[in-house]
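Down below is the structure, laid out as structure tokens.
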Amino acid sequence: MEKKALFPQVGRIIHGGDYNPEQWLDRPDILEEDIRLMKKAGINEATLGVFSWSMLEPREGEFDFTWLKEIVDKLYENGIYTIMATPSGARPAWLDEKYPEARRVNKNGVRELHGIRHNHCMTSPKYRELVRIMDEKLGEMFGNHPGVIMWHISNEFGGECYCDKCVQKFRDYLRQKFDGDIEKLNHAWWNTFWSHNFNNFDQINPPFSHGEFSSMGLSLEWRRFTTINTADFCRAEIETLKKYNPDKPATTNFMTMYDGLDYRVMEKDLDVISWDSYPRYHNDYEKLSDTFYFNAFCHAQMRSMKRDKPFMLMESVPSLVNWHDVNKLKKPGVHKLTCLQAVAMGSDTVQYFQWRKGRGSFEQYHGAVIDHLGSDDTRVFREVADVGETLLKLKDVCGTTLKNRAAIIYDWDTRWAFYEVRAFAHDTIRYDDTCISFYKTMAKLGIECDIVASDSDLSQYEFVIAPQMYMLRNKTSANLKNYVKNGGVLLATYMCGYVDEDQLCYLGGFPGDGLKDVFGVTIEEIDAYYPSERNTVKTDDGEVYTVRDYAEILRDCKARVLATYGGDFYEGSPAITENACGSGHAIYLAARIDETSQEKLIKHCLGLTKTLASECERALPEEVGYFVRCGENNTFEFFLNYSEETKNIGNIGTDMLTGEEISALKPYQVAVVKH
Amino acid sequence: MEKKALFPQVGRIIHGGDYNPEQWLDRPDILEEDIRLMKKAGINEATLGVFSWSMLEPREGEFDFTWLKEIVDKLYENGIYTIMATPSGARPAWLDEKYPEARRVNKNGVRELHGIRHNHCMTSPKYRELVRIMDEKLGEMFGNHPGVIMWHISNEFGGECYCDKCVQKFRDYLRQKFDGDIEKLNHAWWNTFWSHNFNNFDQINPPFSHGEFSSMGLSLEWRRFTTINTADFCRAEIETLKKYNPDKPATTNFMTMYDGLDYRVMEKDLDVISWDSYPRYHNDYEKLSDTFYFNAFCHAQMRSMKRDKPFMLMESVPSLVNWHDVNKLKKPGVHKLTCLQAVAMGSDTVQYFQWRKGRGSFEQYHGAVIDHLGSDDTRVFREVADVGETLLKLKDVCGTTLKNRAAIIYDWDTRWAFYEVRAFAHDTIRYDDTCISFYKTMAKLGIECDIVASDSDLSQYEFVIAPQMYMLRNKTSANLKNYVKNGGVLLATYMCGYVDEDQLCYLGGFPGDGLKDVFGVTIEEIDAYYPSERNTVKTDDGEVYTVRDYAEILRDCKARVLATYGGDFYEGSPAITENACGSGHAIYLAARIDETSQEKLIKHCLGLTKTLASECERALPEEVGYFVRCGENNTFEFFLNYSEETKNIGNIGTDMLTGEEISALKPYQVAVVKH
Amino acid sequence: MEKKALFPQVGRIIHGGDYNPEQWLDRPDILEEDIRLMKKAGINEATLGVFSWSMLEPREGEFDFTWLKEIVDKLYENGIYTIMATPSGARPAWLDEKYPEARRVNKNGVRELHGIRHNHCMTSPKYRELVRIMDEKLGEMFGNHPGVIMWHISNEFGGECYCDKCVQKFRDYLRQKFDGDIEKLNHAWWNTFWSHNFNNFDQINPPFSHGEFSSMGLSLEWRRFTTINTADFCRAEIETLKKYNPDKPATTNFMTMYDGLDYRVMEKDLDVISWDSYPRYHNDYEKLSDTFYFNAFCHAQMRSMKRDKPFMLMESVPSLVNWHDVNKLKKPGVHKLTCLQAVAMGSDTVQYFQWRKGRGSFEQYHGAVIDHLGSDDTRVFREVADVGETLLKLKDVCGTTLKNRAAIIYDWDTRWAFYEVRAFAHDTIRYDDTCISFYKTMAKLGIECDIVASDSDLSQYEFVIAPQMYMLRNKTSANLKNYVKNGGVLLATYMCGYVDEDQLCYLGGFPGDGLKDVFGVTIEEIDAYYPSERNTVKTDDGEVYTVRDYAEILRDCKARVLATYGGDFYEGSPAITENACGSGHAIYLAARIDETSQEKLIKHCLGLTKTLASECERALPEEVGYFVRCGENNTFEFFLNYSEETKNIGNIGTDMLTGEEISALKPYQVAVVKH
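Chains as they are written, first to last, in this note's numbering: chain C, 651 to 1325; chain R, 651 to 1325; chain P, 651 to 1325.
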């Protein structure tokens, strides 16, 4: 076990999940049975307290923690640790009735009624106070309980509130950001356009549905503010709890591609990253392996926020969810594959929502280890128990991390800017898809990428891809320039460097802020294509790539031209260029090409790196995932067969899971080799 | 004429419809002409007063019934009876202006402005009082008028109101239902989930759009309450009118598949069932005969609510409506076929909306007997007059009813539960379609089914089909168990018995409440398929059925296995089973199969019944409808050609309509044989 | 230069556009550069002041016109004229904050917050006062400035307001229209239907979303009122400005197919028609030439409002817009073709939105002559400069107009009636498309049509087409009768003359108001077809036309039958008829036929005219536009190649643009021959 193991006191990979005994307090027989079944399934952790407020404080000031304490103790006696959640994600009825300010005001300016969950105002002083009181109680009772190994703050933060208090706080945020100078804001938002100049900060409202939707500056700052206000709420909870034990780690569960919060801001307050993964396996729009590659991107994105630590798979489902369009069963073996993918990619936990299905309400059909049937003699239970056994064999993996030499730049600000931008072809901008597509192309070459910010430290990477890096943050240009000059290989694509952090277009030619010099090209025009339109790009070594959606017309090209357009009125003009810059190289791809072509281009780029070209020559078969977790003592190679066919992978050594020499993977099989 | 004839004083089938003379009071020439044309068209009834409030009480307290009385008298003098409607379906402007409480508050919490129709609050005491005053006047004037043969309460009840008075009444309803014990409600709605426990009933709101949408219990009870409140409104009107003559029958016009009201609750206050039928003939998504089969399902559903009485076709259109997506002309002959289908299926009336097209407003183009052209020399008029003549020949049919030996279970509660359920694949649940599909399969075998509730008396049936019987009402299980034990044959499908009346999942395996024993199987998992996915089911006699959308995996099978899955990881496991139980049989179909396969399975089931197997061997050709109306004196066999081709049906005897021996039906032709 | 030239002081075609120097007041270098570049591009006009309010009056009562005056003077010194806009299209923040009544109340009854543009209440007395004060300042300063050649009132008027003041004004409008007699309104709206009778005008509300949507009368009058109220606002601005110089012309920029305003009402207050043209060139749903034909229809519609004057192309884009679904580059040469199409069709100006792209906000990517790149060394700049040079050669065209002998009837009232009508098949009514389709068919025959109202003076036309003339305005019937009797040829189609100006159906047969006699036919029924349905029409000379969407069944036919239906139950009945009437002919087309068939039918009709048959025999190749501008001194023939292929057009003489004899047009080429 490595030093960086998240839970040394547990001494193995966490196998557990959300547990809601409060739904069964009138059935002690079921609570008893739960313990027996957990042990049988190799469960060593239970997440308690999520949404338990109405059972912990059924009326204001009347607290009842007895049941919770008893269960934590009982679990601990049976070798099952607790991750304790604060219940702030859902409010009891009395609270909403007595303190309307806790309820959100929606985009239409209407205060919501009591109901649903995850819908409290992040600003409300009264709600914050009530949460603090609750958290004090929890801290006091469990802050030093040996069975409670972590705090789980609230649940899946998200959403916005437009109440007066939030509006006021937003204005204060803007006042601070623009140094109290309304003219700075007017310039940043280009408010002279359409007479939108404000006289003072108090004239500004968030983007209500019956208000301003035409100001990109306003919309972007509202998103930034929402993140900051949510992070502030989360931080307040953590601070309360840490008073009772500064060493007990805290996390909150992220939702990977959720677009309402910039997780890179939020993660700074957390000790560990954790997230909830619910892919659509066996869907009708992609191969199963593509679903695994997509999920891999999500893991990578989450993992890369704290690159030097393992992360946690806080939620996943042992069978099916209840909220997909089509709620399909995972075929036998796929569940185990998903669990081991998380471990292979850096997770020290495999956790489920949920242990036991409730009888009613919104998630009564959300998959669980224990079904309404109530039996351990089910397919799902057996697969979960098998995972439990397997994870035991991998306990030495705990605390190891991935050390990648390639990265993809992905920024929330750019993502948000693309939501608001009025240009190009709205339906085909697809920033996320483009980033995922590059990740996948790299993964198929056997090279795992980190997903980093445009101003992250890039020194550990030999190759960085910056797809559609539309917005340059204040440090982006300097960071990239520095990276390339010091020998890095950088591949950027169309829509690079159009606007600054305020979304003002750069004057004098894109990409702005000095990046023209890095790439040795300037963009004169961008052509958007109708969905059925195609063009081609012809490379100097005779390849022809298909172009769709976007093509930029370049000018003032000082770089080497790798490829030119094959058609339209800009036929023959540069489409892919390569610029030597310092001791590195900057490659610019001016058009959207398909994945096969991307792979060829990437191989060219890898040829410019120190070590990656050879790595991608290792040549695993298609649809086999490959990851390496490294520790101070050991290194673990993971091989995952994402497909329904047997895959020959050559003799890789002795598999920790089967204890046998292995050279082929059966469908969905995973092999782990320890070095 | 049989004793159960609805209108003995008329002595023949009613042929009439909605008549709005108040739109033409300034044109006495037109009113005069109406009488002449009605007689020419064989019209013997006019429905008056629908939406006439502003002409009966143009200002509060100023009543003017003169015009109405004159017209009723004049019609009666000319042999035309009146069905008198109460005008509560639309409110005059002065009423909405003076009494805002009569207007609804919508799901957004906004009180509607004056306009449209069918949008009054069902609770408002003031509106109920004004309606009562109006109904007293009507009762007084027409309660004993010999020309007025029936009360038509309001019009097409529907919709919801979220005003404070309705909210309060809803809370009272809940308080009563759960014995004033909020913890009973909390358990029934599984409120511990997401901290949704209420402290008292006054915290509960209906499912406002800015409120709670995640509680299935709440949503279902709100639907139940809306039905009860609407029925209460309707009952109050009936009670007022019956004070003046307890013997004059009352009805209100239903809308068959309308999902906002459980008609089985409402029908209890009515003397006769009546409904409005507007199918899309000659559409582009099905054969004409399928449209007739669909309409037959609707007739059967309406008829089955009062199985021992004829029903009424209160509205239909002599030409085209104005509100379909595509308002198509019925081809010559189709109108007559639709009229006779109603009669064949148990209606003692053929009624139209409307007699004469108005010049303006929302329904100015809704089909009518008399068009804007104003002439009787039109195709439509001639077809209507032909129907008038034909109906005269069928007067002995009045009062006869259908005596069916097969039934399909269809419950509003299950329908509503499916709307809210978060599971499966939302777009393919299609409860209504499945029920209709089974009805159609039976109809094509020549066997007419009743459409009954899961707790209806089933003793008259040899065969009962229970498609997707997701929710078991309190008496369902006992009722079905009893039915099977006493020799009945029961066919149930996938999604059977998952939840109880509160939508709480049964523990210990589906189908719950003891039905596992009836069928001899337990459901372990349900797999939802993407739309393009297919599987197969292989029967023990070598048939292969195609599976789509859903497949349940069964376990603990004590029944005889009729068929097993042909593919997927549950290949070879039971898909159709048959369990002997008492002196009957319970067949379980675990997957959705196509209509051809359904037919084969049904034939197998019919083989287990006493008499139905032989009945389905009578073998009428495809697309020929067959119904039998039975009275104390006579029996009438109806043969209807739903197709555009001549159909040979063998010598069936003398047709009442043509007076000839008949062995083939021309396109759209109907033959009636009296025994 | 002809007498009717719009701007004799300029002495040539205007080449200019929107210019927003207020966005760059902190960059005098850029303002300086603008002058240089304008001159280089042959720009002789700048539109100033659009949306400049917050820079002209940054706080209430604090005016700053210095910067504007300086720029107007500087432009004038450099030979660049100004069109001065009033800034009423967007309000500064202080105004909305202090005077909430200036903000609109939306259809939901909610007052909008500050934001966007074009969203002020047209009624608000306070806003009108503030606009008047602003316009007084502008009038005072620029009313007699020699460099300011025109007033541009506000910008792209549109939208509706539901505030109390507008509601009151609407009621006053109705009171006046119906002579203060609520019963007149009740009859016109057919309010007896559904008890919709009003007791007085104060009970009436506009069609709020939570109010009345079922009254066609209400909806139509609300649209009419909105036009009248908007025109009133516009007129008030013009009156203010004209106080300072009655001779300075005023316009406002129309949006051609915008459906919220009846431009024929608004145009009466304007001196010149101007409009904004933004077609989707190179789209994926039509050929490029079809885009040009569509744009031609728009030009024709705008031009025909003031047939005896040139019009203005107030806005167009030199490259791409930013708000299309797909923002595509115009291919080289297409920009010039669009500019010359405007001139060919009667415009004396070619103007752009915009001169220079702003750095931020909603339209930061809207195309401009000068891009963010800031250079004149761009493709776009070169194409604009080329247009500048070309326009110089055409200065003699100024003041000439088109003299057409054919017209198409297009009425806003009918368009609006179709929006509300509940009949037919909503998705396929497509009134605009039908009118455009007939225009295109004529254009392909080389005959340019005017687009006129049903009560316009038709005496100059030999041939008039009235597609789907559903509503007859009070003067329509007399106008058409008179036109035909005096020798005109009139072609009308299905859906002719169903309703009067109040949307009341005519009694006694369609087409109403005496048109049955003009056409010699009566419509008995109209059949709507499902999208995939087809029928045929067979002409007496053996042609077979395909029918889709609609077919009317005719009766009482006294006209010559040109064609009959080929199928359905009305096979053999008349489908196209021709009636001699006075010295003219009235042709009726009862079904929707395809464009090829339309062309054949039109050729038949042209054969009945005095001169048009021979004109269409001139036979230009497909996809070549042809227009003639006539003056007192000269006539100019324009030939435009809308296609990507070379087109032989025969020797047409010497082209003014190349100075060469010409007999073929290269792709996108335009030739002009002076006579």
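Beta carbons: idealized from backbone N, C-alpha and C, even for Gly.
Item	Value
Alpha-carbon to alpha-carbon, R/R1242 and R/H1076	15 Å
Under the three-state DSSP convention, the category R/Q1004 falls into	coil
8 Å Cβ shell around R/A1178 - same chain, five flanking residues per side excluded	F1074, A1075, T1078, D1199, Y1200
Beta-carbon neighbours of P/D912, restricted to chain R and to distances below 7 Å	Ordered by position in chain R, no residue passes the 7 Å Cβ test against P/D912, which lies about 21 Å from the chain.
N- and C-terminal bounds of the beta strand (DSSP E) containing C/P1224	1224-1231
is_contact[P/G1159, chain R] using C-beta, thresh 8 Å	yes
Interfacial residues, the stretch 695-719 of chain R to chain P, with Cβ spacing under 8 Å	F701, S702, W703, S704, M705, P708, R709
Neighbouring residues, chain R, relative to C/V1034 (Cβ below 7 Å)	Under the 7 Å cutoff, chain R gives no residues; its nearest Cβ is about 14 Å from C/V1034.
Burial state of C/S869 (16 or more Cβ within 10 Å)	buried
Min CB distance R/D1005 to chain P below 8 Å	The sequence as given places Trp at residue 1005 of chain R; Asp does not occur at that position. Not an interface residue.
DSSP state of C/F904 mapped onto helix, strand, coil	strand
Whole-angstrom C-beta distance between P/I1173 and P/L1204, which should lie under 8 Å	6 Å
R/L1141 - partner residues in DSSP beta bridges	R/I1115, R/I1237
CB contact check: R/D1167 to chain C, cutoff 8 Å	no
Buried or exposed (CB count within 10 angstroms, at least 16 for buried), P/D1191	exposed
Cβ neighbours of P/L675 in the same chain (closer than 7 Å, five flanking residues each side left out)	W717
Spatial distance of P/W801 from C/R1080 (CA atoms)	44 Å
Minimum C-alpha distance to P/R1210 - residue among P/A740, P/I664, P/L1239, P/Y749	P/L1239
Reduced DSSP category for C/E1267 - H, G, I as helix; E, B as strand; rest coil	helix
Top-ranked residue by Cα proximity to R/Y812, from R/W840, R/H837, R/E762, R/W839	R/E762
C/G789 and C/V722 closer than 8 Å at C-beta	no
Chain-ordered neighbours of R/Q673 on chain P, where CB pairs are closer than 9 Å	W840, T842, F843
Per DSSP, cross-strand counterpart(s) of P/G666	P/E695, P/Q1001
Backbone CA spacing between P/L1042 and P/T1296 [nearest angstrom]	26 Å
P/V1102 beta carbon less than 8 Å from that of P/H954	Here the sequence assigns Ser to residue 954 of chain P, which means His is not the residue at that position. Their beta carbons are under 8 Å apart, which means P/S954 touches P/V1102 by this criterion.
Contact with chain R by P/E1175, beta-carbon distance below 8 Å	yes
Alpha-carbon to alpha-carbon, C/F1288 and C/L990	9 Å
8 Å Cβ cutoff, C/Y1156 in contact with chain P	yes
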